[in-house]
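Asker: Chains as they are written, first to last, in numbering that gives the first Met the number 0: chain A, 0 to 243; chain B, 0 to 225.
Ideal placement from N, C-alpha and C gives every residue a C-beta, glycine not left out.
Nothing here was measured: the structure is a model prediction, and the numbers come from that model.
Here you go, one structure.
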Amino acid sequence: MHFLSQVAHWFTTSAHWHGTDGIPHRVLEHVEISVLVMAVAVVVALPIGVVMGHVGRGGLLAVNVSNIGRAVPSFAVLIVALQVTHHIGAVPAFIALFFLAVPPMVTNAYTGVREVDPELREASTAMGMTGAQTLLRVELPVALPLIMAGVRTSAVNVVATATLAAIVAFGGLGRYILEGIANRDNVEVFSGALLVAVLSLGTELGLALVQRWITPNGLKPRDSVKNEPIAGAADALRPAPTPP
Amino acid sequence: MSGAVLATGPNSWVWWPWVTSHGALIWSATREHIELTLIALAVGLLLSFPLALAARRWRWLFAPILGVTGALYTVPSLAAIGLLLPLTGLTRLTAEIMLVSYTLLILVRNLMTGFDGVPDDIKEAARGMGFSPTRQLLRIELPLAVPSIIAGLRIAAVTTIGLVTITALIGLGGLGRLMYDGYLRNFHTPLVVGATLSVVIAVAADLGLVGLQRVATPWARARRDA
Numbered sequence: 000m001h002f003l004s005q006v007a008h009w010f011t012t013s014a015h016w017h018g019t020d021g022i023p024h025r026v027l028e029h030v031e032i033s034v035l036v037m038a039v040a041v042v043v044a045l046p047i048g049v050v051m052g053h054v055g056r057g058g059l060l061a062v063n064v065s066n067i068g069r070a071v072p073s074f075a076v077l078i079v080a081l082q083v084t085h086h087i088g089a090v091p092a093f094i095a096l097f098f099l100a101v102p103p104m105v106t107n108a109y110t111g112v113r114e115v116d117p118e119l120r121e122a123s124t125a126m127g128m129t130g131a132q133t134l135l136r137v138e139l140p141v142a143l144p145l146i147m148a149g150v151r152t153s154a155v156n157v158v159a160t161a162t163l164a165a166i167v168a169f170g171g172l173g174r175y176i177l178e179g180i181a182n183r184d185n186v187e188v189f190s191g192a193l194l195v196a197v198l199s200l201g202t203e204l205g206l207a208l209v210q211r212w213i214t215p216n217g218l219k220p221r222d223s224v225k226n227e228p229i230a231g232a233a234d235a236l237r238p239a240p241t242p243p
Numbered sequence: 000m001s002g003a004v005l006a007t008g009p010n011s012w013v014w015w016p017w018v019t020s021h022g023a024l025i026w027s028a029t030r031e032h033i034e035l036t037l038i039a040l041a042v043g044l045l046l047s048f049p050l051a052l053a054a055r056r057w058r059w060l061f062a063p064i065l066g067v068t069g070a071l072y073t074v075p076s077l078a079a080i081g082l083l084l085p086l087t088g089l090t091r092l093t094a095e096i097m098l099v100s101y102t103l104l105i106l107v108r109n110l111m112t113g114f115d116g117v118p119d120d121i122k123e124a125a126r127g128m129g130f131s132p133t134r135q136l137l138r139i140e141l142p143l144a145v146p147s148i149i150a151g152l153r154i155a156a157v158t159t160i161g162l163v164t165i166t167a168l169i170g171l172g173g174l175g176r177l178m179y180d181g182y183l184r185n186f187h188t189p190l191v192v193g194a195t196l197s198v199v200i201a202v203a204a205d206l207g208l209v210g211l212q213r214v215a216t217p218w219a220r221a222r223r224d225a
């Protein structure tokens, strides 16, 4: 109880709400870089994945890149980005987060479009749709839930890793955790961790709602047991493909 | 920067004299990395089995179990460490709780998928042959769920091997400690060695599990060859 009251005290201390080390500023930094990275990564990743899925090529590449991506520790990506750019702060953080954000979105967009029922594709061709029409009116809407799942996975990854970016002297909420560890101040560590956890869970739940909202009615899952939307794991939970 | 890659001095990306003179350090970091990973996977499996069995027996438990393990999966690793520090301190226990919490969702979900995938007629045949529920689970359902379980283990293993590096921030970390050390001293070699070995271990674990699956499901191979 004593510890939790200290945490409560931390949150109600007015100094923690002002200035560059204040909670609002740190939250803003964290959200800003996450949104920026996601905006750029979505623009880059989704067209690549969707077109690859439409054409039906490069699938092995997409899946492999994404698998290797999982094996490379984000910790390493951050530090290497720092060493390569010779900058600290937002620049290496952006680069590292970008490289982490792209693979799940490419893979999911590819898989989503590729796995569209071939009969649907045939039917749209038979109805006289062009390739582009098939893509825009049939494949994309049907693939949307899986594409969105990829975006969700990436976004949650990015918010999580933006925490680690405090290692390369980026601000954001990870700063409280690292400062706290360095100063052996468990109250600060815990408070920072609480903020990060709330932000991540909020991102996850918010995007889950968006996903439900943009999923076409005909595709809404009916079997609630099998298709329960769950935390950021849509990508992680696809059965791992057998490597060649 | 491109010059640094090709350079042969201490500032190059890999300075071999450091590697050859720090074999013991690299080995102990690698061993710690593998240990932390194996413990996390073993405990993760031990916890997710009863959870999956419970969800198989009582379907209504499925959603809450996935909800809770999903929330654990969503909390960033560094935050999980931060939330645990006041309780368990800068210890191995903190690291393992964090690592295990990431494996649960993947393992429970894949176990469930595996059990769900067993065809009803096979279960009925087992009952008809007089199998008790336990025997049916162990002899029929579990073996048939192996591909799904191993698919989950592969993802969990690769994810955990990457996450172990983060525990360098609380003084553990296996190869992550080499990386962190290289970063703090602005010395590339340990960073590159640590990152490379971490990826190598992840790939090796993945391939090893594929091999295990082949051995554990001989009928799949027989069917393919037929």
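#1: Whole angstroms is fine: what's the gap from A:A159's alpha carbon to A:I78's?
#2: Return no unless some Cβ of chain A is closer than 8 Å to the Cβ of B:L168.
#3: Rank B:K122, B:L50 and B:A124 by C-alpha distance to the C-alpha of B:L106 and give the top, closest one.
#4: Quick check on DSSP: helix, strand or coil for A:L145?
#5: If you draw a straight line from the alpha carbon of A:P103 to that of B:L190, how long is it in whole angstroms?
#6: Output, in chain order, the set of chain A residues within a Cβ distance shorter than 7 Å of B:H187.
#7: Within 8 Å (strictly less), CB to CB, does A:F98 reach chain B?
#8: What three-state label does DSSP hand A:A168 in the structure shown?
#9: Is B:T90 helix, strand or coil by DSSP?
#10: Would you kindly work out how many angstroms separate the C-alpha atoms of A:V112 and A:E138, rounded to a whole number?
#11: Does the separation of the CB atoms of B:A204 and B:V163 fall below 8 Å?
#12: What is the residue span of the alpha helix (DSSP H) that A:L134 lies within?
#13: Got a sec? Which residues, its chain only, sit under 6 Å from A:L119 by beta carbon, not counting five neighbours each side?
#14: Is the region 69 to 82 of chain B close to the region 188 to 204 of chain A, with three or more CB pairs under 8 Å?
#15: Out of B:T133, B:F186, B:L208 and B:E123, which one is the CA nearest neighbour of B:G151?
#16: In three-state terms, what does DSSP make of A:V215?
#17: With DSSP collapsed to three states, give me the class of A:D222.
#18: Could you check whether the Cβ of B:I33 sits closer than 7 Å to any heavy atom belonging to the ligand GDP?
#19: Measure the beta-carbon distance from A:T162 to A:G170 and round it to whole angstroms, keeping in mind my assumption that it falls under 8 Å.
#20: Measure from the C-beta of B:I38 to each C-beta in chain A and report whether the shortest distance is under 8 Å.
#21: Below 7 Å between beta carbons is the criterion; list the residues of the region 194 to 205 of chain A that meet it against any residue of chain B, in chain order.
#22: When we look at the beta-carbon of A:T53 and count the other beta-carbons within 10 Å, is it buried (16 or more) or exposed?
Answerer: Looking at the atomic coordinates:
#1: For the purposes of this step, residue 159 of chain A is taken as residue 160 along the first sequence, with counting starting at 1. For the purposes of this step, residue 78 of chain A is taken as residue 79 along the first sequence, with counting starting at 1. Each residue's Cα considered, the two are about 16 Å apart.
#2: Counting from one through the second sequence, the residue named residue 168 of chain B turns up at place 169. Yes, contact with chain A.
#3: The sequence position of residue 106 of chain B within the second sequence is 107, counting from 1. Measuring from the Cα of B:L106, the nearest candidate turns out to be B:L50.
#4: Within the first sequence, residue 145 of chain A is the residue found at index 146, counting from 1. Three-state DSSP puts A:L145 in a helix.
#5: Taking the first residue of the first sequence as 1, we reach residue 103 of chain A at position 104. Taking the first residue of the second sequence as 1, we reach residue 190 of chain B at position 191. Answer to the nearest angstrom: the Cα atoms are 25 Å apart.
#6: Indexing the second sequence from 1 puts residue 187 of chain B at position 188. Result: Q82.
#7: As a first step, residue 98 of chain A is located in the first sequence; it is residue number 99 there, counting from the start. No, because no Cβ of chain B sits closer than 8 Å to the Cβ of A:F98.
#8: On the first sequence, residue 168 of chain A is found 169 positions in, with the first residue counted as 1. A:A168 falls in the coil class under three-state DSSP.
#9: Taking the first residue of the second sequence as 1, we reach residue 90 of chain B at position 91. DSSP places B:T90 in coil when its eight states are reduced to three.
#10: For this step, residue 112 of chain A is matched to residue 113 along the first sequence. For this step, residue 138 of chain A is matched to residue 139 along the first sequence. A:V112 and A:E138: Cα-Cα distance of roughly 6 Å.
#11: Looking up residue 204 of chain B in the second sequence gives position 205. Looking up residue 163 of chain B in the second sequence gives position 164. Their beta carbons are not under 8 Å apart, which means B:A204 does not touch B:V163 by this criterion.
#12: Numbered from its first residue, the first sequence carries residue 134 of chain A at position 135. Run containing A:L134: none; DSSP gives neither H nor E here.
#13: Taking the first residue of the first sequence as position 1, residue 119 of chain A is located at position 120. Cβ within range, chain order: V137.
#14: yes
#15: The residue labelled residue 151 of chain B in the question sits at position 152 within the second sequence. For the residues B:T133, B:F186, B:L208 and B:E123, the minimum Cα distance to B:G151 belongs to B:L208.
#16: Stepping through the first sequence from its first residue, residue 215 of chain A is reached at position 216. Position check: residue 215 of chain A holds Pro in this sequence, whereas Val was assumed. In this structure, A:P215 counts as coil in the three-state DSSP scheme.
#17: The residue you call residue 222 of chain A lines up with position 223 of the first sequence. Because A:D222 carries a pLDDT of 47, less than 50, the predicted location of this residue cannot be relied on, and the following value inherits that uncertainty. The answer is coil: DSSP assigns A:D222 none of H, G, I, E or B.
#18: Questions concerning the ligand GDP fall outside what the structure shown contains, since it holds no ligand whatsoever.
#19: To locate residue 162 of chain A, count along the first sequence from 1; it is residue 163. To locate residue 170 of chain A, count along the first sequence from 1; it is residue 171. Rounded, the Cβ-Cβ distance is 11 Å, inconsistent with contact.
#20: Taking the second sequence and counting its residues from 1, one reaches residue 38 of chain B at position 39. No, B:I38 lies away from the interface with chain A (no Cβ there is under 8 Å from its Cβ).
#21: V195, A196, S199, L200 and E203
#22: Within the first sequence, the letter at position 54 stands for residue 53 of chain A. In the sequence on display, residue 53 of chain A carries His and not Thr. By the 10 Å Cβ count, A:H53 comes out buried.
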